[in-house]
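In what follows, a single structure is set out as structure tokens and then discussed.
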């Protein structure tokens with residue numbers, strides 16, 4: 803779905819929308835390592851005009867299946883979040899907005915709503931996704947002569963006393979110049 807920037811600018815009153823969109827195939831094609839499955843996406847909100855820009859405030863909701871970051875096992879998650887994006891049709895206007903605002907340039911007078919939704923859905927997927935079993939067990943992956951350890955385990959490992967036979971080697975790595 804695309805909206806035309808000039809058409810949105812014509813609305814004197816806020817333009818309300820409530821759409822349900824099936825973007826599963828596009829999400830899987832664009833983000834094959836992130837998305838396994840996606841339910842139809844609820845997209846509702848309002849578009850308002852402000853000076854030379856169009857502001858899209860929306861709520862996005864869907865059911866998403868993504869791979870576990872530890873075992874690649876499919877993990878089901880519910881996403882429900884809000885977005886606020888500002889669109890302009892002139893790149894020189896972007897610098898007039900505060901840095902914390904998300905300001906996008908409407909390409910060829912078009913706002914690609916599908917891409918807007920897809921990008922925001924993928925941005926909501928956490929870096930670490932675990933199955934309920936992986937969360938409860940706290941088991942880290944391991945293999946032949948290697949294993950992943952948690953930060954807490956790493957910190958406790960660093961707090962262990964150094965073998966006195968190896969303590970003298972630590973002096974070799976001092977950054978302080980000798981006087």
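In the numbering used here, the protein residues as written are 803 to 981. Where a beta carbon is used, it is the ideal one built from N, C-alpha and C, also for glycine.
Residue i: first and last residue of the uninterrupted beta strand (DSSP E) it sits in
i           : result
residue 876 : 876 to 890
residue 812 : Looking at the DSSP string, residue 812 is not in any beta strand (DSSP E); the run it does join, the alpha helix (DSSP H), is 807 to 812.
residue 830 : Not the beta strand (DSSP E): residue 830 falls in the alpha helix (DSSP H), residues 826 to 832.
residue 969 : Not the beta strand (DSSP E): residue 969 falls in the alpha helix (DSSP H), residues 966 to 969.
residue 935 : Where residue 935 is concerned, there is no enclosing beta strand (DSSP E), although the alpha helix (DSSP H) it sits in stretches over 934 to 939.
residue 860 : 855 to 869
residue 821 : 817 to 823
residue 897 : Taken as a continuous stretch (DSSP letters only), residue 897 belongs to no beta strand (DSSP E), as it is neither H nor E.
Rounded distance between the beta-carbons of residue j and residue i, thought under 8 angstroms
i           : j           : result
residue 904 : residue 887 : 5 angstroms
residue 865 : residue 878 : 7 angstroms
residue 891 : residue 807 : 5 angstroms
residue 882 : residue 846 : Wrong, their Cβ atoms sit about 12 angstroms apart, outside the cutoff.
Continuous alpha helix (DSSP H) stretch holding residue i: start and end
i           : result
residue 915 : 915 to 925
residue 901 : Careful: residue 901 lies outside any alpha helix (DSSP H) and carries neither H nor E.
For residue i, the nearest candidate out of the options (CA to CA)
i           : options            : result
residue 844 : 922, 830, 908      : 922
residue 848 : 875, 810, 890, 823 : 810
residue 822 : 875, 915, 963, 945 : 915
residue 874 : 945, 911, 931, 974 : 931
residue 840 : 945, 920, 885      : 920
residue 908 : 846, 832, 896, 820 : 896
residue 876 : 803, 948, 835      : 835
residue 871 : 971, 956, 812, 929 : 929
residue 927 : 818, 855, 880, 803 : 880
residue 884 : 969, 953, 859, 906 : 859
residue 955 : 898, 906, 974, 940 : 940
residue 842 : 853, 852, 863, 942 : 863
residue 853 : 898, 968, 964, 827 : 898
residue 827 : 894, 902, 906, 917 : 917
Distance CB(residue i)-CB(residue j) smaller than 7 angstroms
i           : j           : result
residue 837 : residue 825 : no
residue 912 : residue 831 : no
residue 816 : residue 850 : yes
residue 889 : residue 924 : no
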